Every structure is written in C-alpha cells, then in structure tokens.
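Numbering (this note's numbering), first residue to last: 742 to 1219.
Note sheet for the following structure.
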C-alpha cells in the first residue's frame, strides 16, 4: 500500500514527486514510457516565461510568476542549465500599440518585475538581427531559458534519492476507488494507494473521467519546431516573441541554454495523443513566421525538427486545474504553457495539498542538493587533466559534434534512473544532439549501452517501446 501514487513523470509529476519526498511516506511515480520527460516536457520551447501573458488572477499567472522566481535557486540546488536572458515581444504596427500596452499592464498586475516598453531605436540597439519592421517591443528582463530535460531529470533523480520509487514502462490502464483507497491497474498488475495525483499530461482527462462525475476533455495541441546549429545561437541573445494570438504566444526565435537557435511553435489542435510527427506545412509556417521577427535566419543550418503536444483543456476556463477533485484524488491537468515555468511552484502546491490531506510529517534528513553529470568542457585545463588521469574514460571522445566523452555517457547510464536508450543518453549528456544528429556517435553509444546494461544490440531502442535500432539479425549472428 502506497501513501501516494503520482501518475506522469514529466516536469509537473517529477516536481510533485520531489516535493512529496520531503515527507515521511511511501511514494511511487508511474509512467508509461521508458524514461522520465518523455511526453510534453521533452518537446517545448524551453522558456522560463516572465508571466506577462496570463490573465491576472488566473492560476497560470500566479504559478508562472512563482515558478520563474524559484528557477534560479532551483537550478543551483539541482545543478541543471538555466539562464535569465530576457525576452522581447515585438510590435509590427503602430495600430497594435494598445495590445503591447495591455501586455505591459497585465504583467505589472501579475507581479512581473522590470517590464518596460522599448522604442524602435532601443530595440534594435539591443537586438540588431530583429526586423526593421518592428516599431516597438515589450522587454521582460526576468524571462529565461532552461534545459527541460535537465530540469525534469534533476527533480526525478533528487526525488529518487529521497526515497521515491519510479516505475517506468508502466502504463496505467484504469483507476478505481476501493473503500478507503484506490486500485491502480497497470499493464504490470494492480497497485494500491491511499491517494492519487494525476499529472498525466494529454491523458489527464482519461483518468479524471474515471473518478469524477463532471467529465472533461483534453485536446492535444501540436507545436512544430526547427532547431539550428550551435554556431547560430548568437544571432539573438533574447527570446524574441510576437504579439500573442488566440492560440498562444505565437512563433518565437530564441537561443537555447546549449547554444543552439530554436524557432517555433505552430499551434494545431488534433485528436491523436501520440501524434508528434512533423509536417511540411507546419514547418513551413514555423519558418515563415519566424522570419517575420528575424529575417536573416540561416536556414541551411537547420539540424533537426520536432513536434510536441500541449494538454489543452477545452471545456475549462483556459486555466490550469490544480485541486483535490475527490477524496484522496488530486490532479494537475490542463497544464499547457507556461507549464514548464510553473512546474516547480505547482509541485510545491500539490504536495502541500496531499500532505495536509494525509497528515504527513516532514523528514529531518531530506537531501535538497543534487549534483549533475560532470562536463569536462566546463573545467579548467588542469582540472580536466586530473579528471582524465583518475578516469581515462573522460579522455575518450564519443560524440565529436558536442565533444561528449565516454565517462559522461557511463555516468548517464549508471545514475539513479539512468539512461536505458539512445535518446535517454542524448537527453542527459547531449551525445547525438549535434549537427550529425548521432550519425557518427550513435553506434558507439549503442556499444556502451549494450556493454553496461548487459543487453544485446537487438534489445536496444531509440526511445523505448518498439523503436529497436538493430533488426533482422539473430543474437548469434551479431
């Protein structure tokens, strides 16, 4: 019997798990995928929004600002990449100045610090690559960029170190009440728990509708992106938005914490909850609209494209749902943008709700710090020499594009909740994230996974499930 089962191991679910691991309880996190951060959390804009867009008084506004305020300290505690680079919202027409002023006023009401409206000359002095068509911009210095993989994995590892149990590759098939507790039926069997927290992303409504009388419906909203090479990450320093429309914040152009340049997303509602395929039309829209903000985008340097899904709650009030919806049943659903930013604050709020309901007591030995994987490139030359002397694997470069060593990959595999697939390694240390997208290092990473996990090549996958990388040969032939 668990005290709490959290369903969903994305940014929100792992944040909730980390905060709950501060308490004395038996805690389990379930996810249908082979790794944490496999759903909405792995494919988004990686922006820590300042909080000027959400309607004042909404949960989106409140938890956006709280999450943004928490992010820097959290990045130091858990050792993940974050940078406060600031954001600009472009206005292309004098007639739209009232909309820009409305964003400013909304941000001030929400408690966003440092907002100001820049005129054309100041805007282009700050960002020379931005189009000359922009007549003004809203400047938000507290906006930032983050590694969503790094943040989610860091919270999961810290929760695990503090006693949380993670059951991955464990799809929840049904949820039902049985007297004073719940039975969670999974593909691996039934689990029992005093309380459930639903953080299941685009599947959140399915669980809700099994427990709650009032039915809800989530529509997956797809956004398509293009990612440019690291040599283009300097083109803009700030995150460059356009005035938002009814489907969201529009197409952005932003540097990433790893030095790439990202543009997107589109916004298209669909029925498929796993439909993360890109389309020619979607990518063309992303490119054409991004060029409205930054005309000279070097499109020959696009190294990959991808799509992600946001959980849009169509029959709500266009706001997050974060509450105890039934005795012992808690949920954080409809968590679309700015959900990544809000996740740390949502974790605190939801954990407190559950802890108060279950009368949980705080631990005295909670470990708040977590150290990430050593990056030799961030060390001084003498420190790097000493690291290689102690462990020669750090001197063996496996991924040439990103200069990732064997030592880093081995650490990624053997950490708590370590990598079990090619993408699992990629999300932790960026092997395969460079210009060749794993064309050179992929086979070598597979060799390391096979050796360290003691699994044959035929069992290895790109991202779990049926995404096997080697087919058509028997183990004997290999």
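All residues carry an ideal CB built from backbone N, CA and C; glycine is no exception.
Computed from a predicted structure; not experimentally measured.
N-terminal and C-terminal residue of the alpha helix (DSSP H) that residue i is part of
| i | result |
| --- | --- |
| residue 1064 | Counting along the chain, residue 1064 falls outside any alpha helix (DSSP H), though it belongs to the beta strand (DSSP E) covering 1062-1067. |
| residue 1071 | Element bounds for residue 1071: not the alpha helix (DSSP H) but the beta strand (DSSP E), 1070-1074. |
| residue 890 | 889-902 |
| residue 846 | 838-851 |
| residue 949 | 945-952 |
| residue 1082 | 1080-1099 |
| residue 859 | Where residue 859 is concerned, there is no enclosing alpha helix (DSSP H), although the beta strand (DSSP E) it sits in stretches over 857-860. |
Where residue i falls: helix, strand or coil (DSSP)
| i | result |
| --- | --- |
| residue 758 | helix |
| residue 1202 | strand |
| residue 1133 | helix |
| residue 1191 | helix |
| residue 1114 | coil |
| residue 1124 | helix |
| residue 1149 | helix |
| residue 957 | coil |
| residue 879 | strand |
| residue 884 | coil |
| residue 1141 | coil |
| residue 1040 | helix |
| residue 912 | coil |
| residue 864 | helix |
| residue 1210 | coil |
| residue 963 | strand |
| residue 1030 | helix |
| residue 1119 | helix |
Opening and closing residue of the beta strand (DSSP E) in which residue i lies
| i | result |
| --- | --- |
| residue 1221 | Summary: the structure shown does not reach residue 1221, with the chain confined to residues 742 through 1219, and so no result is reported for it. |
| residue 921 | Residue 921 -> no beta strand (DSSP E), and no H or E assigned at all. |
| residue 1077 | Note, residue 1077: premise wrong, no beta strand (DSSP E); not H, not E. |
| residue 934 | 930-939 |
| residue 747 | 743-748 |
8 Å contact criterion, which residue i and residue j should meet: CB distance rounded
| i | j | result |
| --- | --- | --- |
| residue 914 | residue 928 | 6 Å |
| residue 1072 | residue 938 | 7 Å |
| residue 1158 | residue 901 | 6 Å |
| residue 745 | residue 1095 | 6 Å |
| residue 838 | residue 877 | 7 Å |
| residue 883 | residue 809 | 6 Å |
| residue 958 | residue 1056 | 6 Å |
| residue 770 | residue 784 | With 8 Å as the limit, residue 770 and residue 784 do not qualify as a contact, their Cβ atoms being about 20 Å apart. |
| residue 851 | residue 793 | 7 Å |
| residue 1037 | residue 870 | 6 Å |
| residue 974 | residue 1001 | 5 Å |
| residue 943 | residue 781 | 7 Å |
| residue 1198 | residue 1191 | 5 Å |
| residue 934 | residue 743 | 4 Å |
| residue 887 | residue 822 | 7 Å |
| residue 1052 | residue 1077 | 6 Å |
| residue 856 | residue 881 | 6 Å |
| residue 904 | residue 762 | 6 Å |
Any chain D beta carbon closer than 8 Å to residue i
| i | result |
| --- | --- |
| residue 830 | Absence of chain D from the displayed structure is noted, only one protein chain being present. |
Between the region 1030-1046 and the region 954-964, are three or more C-beta pairs nearer than 8 Å? no
Meets three-Cβ-pair contact criterion under 8 Å: the region 1145-1164 and the region 1197-1204: yes
Quick one: which unbroken beta strand (DSSP E) runs of 3-plus residues sit fully inside the region 1153-1188? Chain order, please. none
Return the chain-ordered ranges of every beta strand (DSSP E) run that is complete within the region 968-1026 and spans a minimum of 3 residues. 980-983, 993-996, 1002-1005
What residue ranges within the region 752-836 form continuous alpha helix (DSSP H) runs of no fewer than 4 residues, ordered along the chain? 752-761, 800-819
Can you find at least 3 beta carbon pairs, one from the region 1046-1063 and one from the region 1079-1091, that sit closer than 8 Å? yes
Three or more C-beta pairs under 8 Å: does that hold for the region 777-794 against the region 1071-1085? yes
Between the region 972-986 and the region 814-827, do at least 3 Cβ pairs fall closer than 8 Å? yes
Can at least three beta-carbon pairs, one atom from the region 1129-1145 and one from the region 1168-1180, be found at a separation below 8 Å? yes
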